[in-house]
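Here the structure is laid out as C-alpha cells; the discussion comes afterwards.
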Amino acid sequence: EAKRELIRAIQWPVLYPELFLLFKRRRSRGVLLYGPPGCGKTLLGKAVVRLLAALYHRKVDDGGFKYVKGHQLLDQYLGNSEKAVKSLFDEARRFREQKGYPAVLFFDEADALFKRRPSDARESAFTLVPSLLAEMDGMDETGAFVILATNRPDSLDLAITRPGRIDRRIRVTRPDRAAAEVIFRIHLQGVFLDRDLSLEQLSAYAAEELFSTRHKQIGRAHV
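Residue numbers 646 to 868, in my numbering, belong to the letters of the sequence shown in order.
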C-alpha cells in the first residue's frame, strides 16, 4: 500500500502532466511516512531515488538521497540549524542541475525538528518549521522531493502538513504474512540450504513461525 501511494505521488505527475493541468493540481512536494520503528520507512525513501532516476531516464546516483536524522540539525548556537536546512536545499538544487532529476531529502525523526509550535506567545519551543516552510515555498526551483518520517505524526506542525506542502500522509505498517514471506525470500538468498529444502519452502516456514500464535502462548506461560 505504501509503495502504491508513493508511485501515485511521484510517478503520476510526470507521466500524466496534462491531467494535472486539467484538474489544476500541482505535483506533490513531499510525503509524510509514519508508522512504528523498523518498518522500512528509510528503505522506501531510498527506493524513491531510483524511481525518480528512472522517470527522468538518468543513472542512479547515491548522492540523490540526503538522509538527515533529527539530532544532526540541532545546534546550540542560534541560526546554525536554520543554515543547515538551507544548505540541504542548496545541495539538492545543485544535484538537480548536475544530474537532471530531483534529490530526495529524507528527514528522520521529523517530530523532533518540526514539532507543533505553541499557540501561546509566552511559551517557547525550538522548531525549524519556519526554515522548512521558507525553503518549500521555493520548491519548484529547488526540484527536491521531501520525505518526513516519524512515528508521532500528530506532533508535527499543521503548517507543514497542510495542502500544497507535505499534504500526503502514508502509513507504513508491519508486513503481513505474505509480505514477510517475500522479505525472507530476499534476505535468505545465498544461504546454504539442505538438498531437500528450497528457498521458497524455508521462507514459507519462517513466515509461518513468525505469525504463529504458539509463540504468544509460550510467552504468556513464561510470564
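By construction, the Cβ of each residue, glycine as well, lies at the ideal position given by its N, Cα and C atoms. As the structure is a prediction and not an experimental result, all values here were calculated from the model.
- Within the segment 723–755, the complete beta strand (DSSP E) segments at least 3 residues long are 749–753, listed from N- to C-terminus.
- Looking from the CA of V676, the closest CA among F790, L847, R739, D839 belongs to F790.
- In this structure, DSSP gives Y712 an extended state, which the three-state scheme calls strand.
- When C-alpha distances from I805 are compared across V774, E646, S848, the shortest belongs to V774.
- Fewer than three Cβ pairs drawn from the segment 667–684 and the segment 713–729 lie within less than 8 Å of each other, which leaves the two stretches out of contact.
- For S776 against K731, the beta-carbon gap comes to about 7 Å, under 8 Å, which counts as contact.
- In this structure, R810 is the residue among L733, R810, K704, I831 with its C-alpha nearest to the C-alpha of R671.
- With a cutoff of 8 Å on beta-carbon distance, I792 and V827 are scored as not near each other.
- Per DSSP, the unbroken beta strand (DSSP E) holding V676 starts and ends at 675–679.
- A Cβ-Cβ separation of about 5 Å places A647 in contact with I815 under the 8 Å criterion.
- With fewer than 16 other CB atoms across the displayed protein chains lying within 10 angstroms of its CB, F837 is exposed.
- Residue burial annotation: P681 is exposed, with fewer than 16 other C-beta atoms found within 10 angstroms of its C-beta.
- In the three-state reduction of the DSSP assignment, F665 falls in the helix class, which pools H, G and I.
- Per the DSSP secondary-structure output, L793 pairs in a beta bridge with L677, F752.
- As computed with DSSP, I815 is found in a beta bridge with L678.
- Here the segment 658–665 does not lie against the segment 682–695, with fewer than 3 beta-carbon pairs under 8 Å apart.
- Beta-bridge partners of L801 (DSSP): K760.
- Secondary structure of L689 (DSSP, three-state): helix.
- A distance of 8 Å or more separates the beta carbons of F740 and G690.
- The shortest C-alpha to C-alpha distance from K760 to any of L667, T772, S848, R695 is the one to T772.
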